[in-house]
Amino acid sequence: MSTPNLETITSLCKRRGFIYQGSEVYGGLSGTWDYGPLGVILKRNIMNLWWKMFVEDREDMYGVDAAILMNQKVWQASGHVETFVDPLCEDTVTKKRYRTDHILKDNGVDPTGMTMAQMDAAIVENKIQSPEKNPLSPSRTFNMMFTTHVGPVADENSISYLRPETAQGIFTNFKNVVDSFYPDLPFGIAQQGKAFRNEISPRDFVFRSREFEQMEIEYFVDPADWEELFEEWRLRIHEWFELLGLPKENVHELEVPDEDRAHYSKRTIDFEFDFPHGKDELLGMAYRTDFDLMNIQNKSNKSMEYTVKGTNTKFVPHVIEPSFGVERALMAVLCAAYKEDTSGDEPRMYLALSSHLAPYRFCVSPLLKNKPELVEKAREVFKTLKAKYGNVTWDDNGNIGKRYRKQDEIGTPHCVVIDFDTLEDGTVTVRDRDTTEQKRVKIEDIQV
């Protein structure tokens, strides 16, 4: 089927314990989301898969875990204090605030490449109003960083920020990693962690929120080699999409034109996905040249030069940056995995998650919960599979048909049912989620 709508995905996530509204019991907090038992596992599976592919399986990658709170000079030098802004407009009646570019998009106007003044002119020209049908104010800039203070005194010297990205924690540790490990160029530094942005109008479920997780790599290269290495990373990213189970036809590359690229980027590709709300950015990759390291060198007066081994050649490395959003990857995975068909005479929905992503690989059940001999044997099988695979669940609620439907909805690839024949010949019924076919398998032969 085509991409499911946002309401369908949101409802499934709430109903089955993937994602809940943050602070829901108190009315919620816009732009925040809590991950339930299944969401935590799916999220961790995605992050672990990423770490294995891009760090553990490579010889040229080093991991760091930088502090969320950093010296304010980091964000001054990077330009975030002055330029990390979005255009904000207000409903002149309700005083609700919106991102001007989002207002334009929602009304069929493409804001790409527009200045703030041009956005305002487009609103006037197209007679665009707020969602409440009220006039909109002229736009102003809004810095999206959350400001806080470190220590007992709140003054200009104690200002810090909740980091809006994980990349700067990598750049500030570049010299530490080089001094400790002296890696050959090219090499990368990878980090996973929380980032925070005070979004004006968070929306589209977890796609745009105020607290999220990133998986970022800064790959340090000789500037003479950047084009070849950029292409290698582009292809590697498509391999990542395959591991996530994203259909090729739903993934698109957008070569960002000169006028729309960040000032530090010489080339940027946005990898887009067909989300329920439309085609939007899943991840981005930029060639950042030596912008960040030169900023640090100039502001800190500490050399960021790399000395090529066995030579006197020194230069500040350039950087290729693939930047991945965890929540956007998770949302894409759920949308791609969502399927509907008919099982018997009844409609059925299921998540066709691969076994390395599914929250549970197996669900083990006794055919009847009121038969002690079946429950005891089922517990034995459960413990065996749990010890081998870890992410295995137990379910003895309701009839077997209802258990199948529940496991289909959460994406469990196989259901293992212990019945009376199991007690006689040591075989169990294994049901396949995608085909609903059932077959008899010896307990020792159960595998993913």
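According to our numbering, the sequence shown holds residues 1 to 448 in order.
Every residue gets a Cβ at the ideal spot worked out from N, C-alpha and C, and that includes glycine.
Just so it is clear, the structure is predicted and the values come from calculations on it, not from any experiment.
Item                                                                                                            : Value
Inter-residue CB distance, Phe-275 and Phe-207 (contact presumed, cutoff 8 Å)                                   : 6 Å
Identity of the residue in Ala-66, Thr-393, Ile-269 nearest Phe-324 by Cα                                       : Ile-269
Cβ neighbours of Thr-147 in the same chain (closer than 7 Å, five flanking residues each side left out)         : Ile-159, Tyr-161
Enclosing beta strand (DSSP E) for Arg-99 [first to last residue]                                               : 97-99
Closest residue to Lys-194 among Met-47, Phe-362, Val-177, Glu-132 (Cα-Cα distance)                             : Met-47
Selection from Glu-211, Gly-284, Cys-335 that minimises the alpha carbon distance to Leu-246                    : Cys-335
Tyr-404, DSSP secondary structure in three states                                                               : helix
Candidates Met-331, Ser-201, Asp-222, of which the one nearest Arg-313 by Cα                                    : According to the sequence as given, residue 313 is Thr; it is not Arg. Measuring from the Cα of Thr-313, the nearest candidate turns out to be Asp-222.
Proximity below 8 Å, CB of Lys-377 to CB of Ile-410                                                             : no
Same chain, Cβ closer than 6 Å to Ala-286, neighbours up to 5 away in sequence not counted                      : Ser-265, Thr-268, Glu-321
Range covered by the alpha helix (DSSP H) that runs through Ala-195                                             : From DSSP, Ala-195 is part of no alpha helix (DSSP H) but of the beta strand (DSSP E) over 187-196.
Closest residue to Lys-371 among Phe-420, Pro-359, Glu-156 (Cα-Cα distance)                                     : Phe-420
Proximal residues to Phe-54 (C-beta, below 7 Å), its chain only, five neighbours per side dropped               : Met-61, Ala-190, Ile-217
Boundaries (first-last residue) of the alpha helix (DSSP H) holding Pro-202                                     : Segment: none, Pro-202 is in no alpha helix (DSSP H) and carries neither H nor E.
One or two residues paired with Thr-148 in a DSSP bridge                                                        : Ser-160
Helix, strand or coil at Phe-230 [DSSP, three-state]                                                            : helix
Classification of Asn-295 by the beta-carbon crowding that lies within 10 angstroms, buried from 16 upward      : buried
Beta-carbon proximity check, Asn-449 vs Val-93, cutoff 8 Å                                                      : Absent from the structure is residue 449, since the part of the chain shown begins at 1 and ends at 448.
Opposing strand residues paired with Cys-89 [DSSP bridges]                                                      : Tyr-98
Top-ranked residue by Cα proximity to Phe-196, from Met-144, Glu-90, Leu-104                                    : Met-144
Nearest-angstrom Cβ-Cβ length linking Arg-468 and Leu-38, presumed shorter than 8 Å                             : Coverage of the chain is limited to positions 1 through 448, which leaves residue 468 absent and any answer about it impossible.
Residue from Thr-289, Val-64, Val-177, Leu-254 whose Cα sits closest to the Cα of Phe-273                       : Leu-254
Distance cut-off 7 Å: Asn-298 Cβ against heavy atoms of the ligand FAD                                          : As presented, the structure is devoid of all ligands, the ligand FAD included, so that no description of it is given.
CB contact flag (Ala-358, Pro-413, <8 Å)                                                                        : yes
Status (buried if at least 16 other CB within 10 Å, exposed otherwise) for Arg-440                              : exposed
Distance CB(Arg-361)-CB(Val-333) smaller than 8 Å                                                               : no
Asn-173: first and last residue of the uninterrupted beta strand (DSSP E) it sits in                            : Here Asn-173 belongs to no beta strand (DSSP E), and DSSP marks it neither H nor E.
Any 3 or more C-beta pairs closer than 8 Å across the stretch 82-92 and the stretch 172-187                     : no
Ser-300 - DSSP class collapsed to helix/strand/coil                                                             : helix
Which of helix, strand or coil DSSP assigns to Val-512                                                          : Beyond the ends of the chain as shown, which are 1 and 448, falls residue 512; an answer cannot be given.
Beta carbon proximity, Thr-172 to chain D, threshold 8 Å                                                        : Absent here is chain D; the protein component of the structure consists of one chain.
Those residues which DSSP pairs with Gln-21 across a bridge                                                     : Trp-33
Phe-291 classed as buried or exposed, judged by whether at least 16 other C-beta atoms fall within 10 angstroms : buried
Those runs of the beta strand (DSSP E) which lie wholly inside the stretch 366-427 and span at least 3 residues : 392-394, 414-418
Distance CB(Asp-204)-CB(His-252) smaller than 8 Å                                                               : no
Span of the beta strand (DSSP E), counted from its first residue to its last, around His-252                    : 251-255
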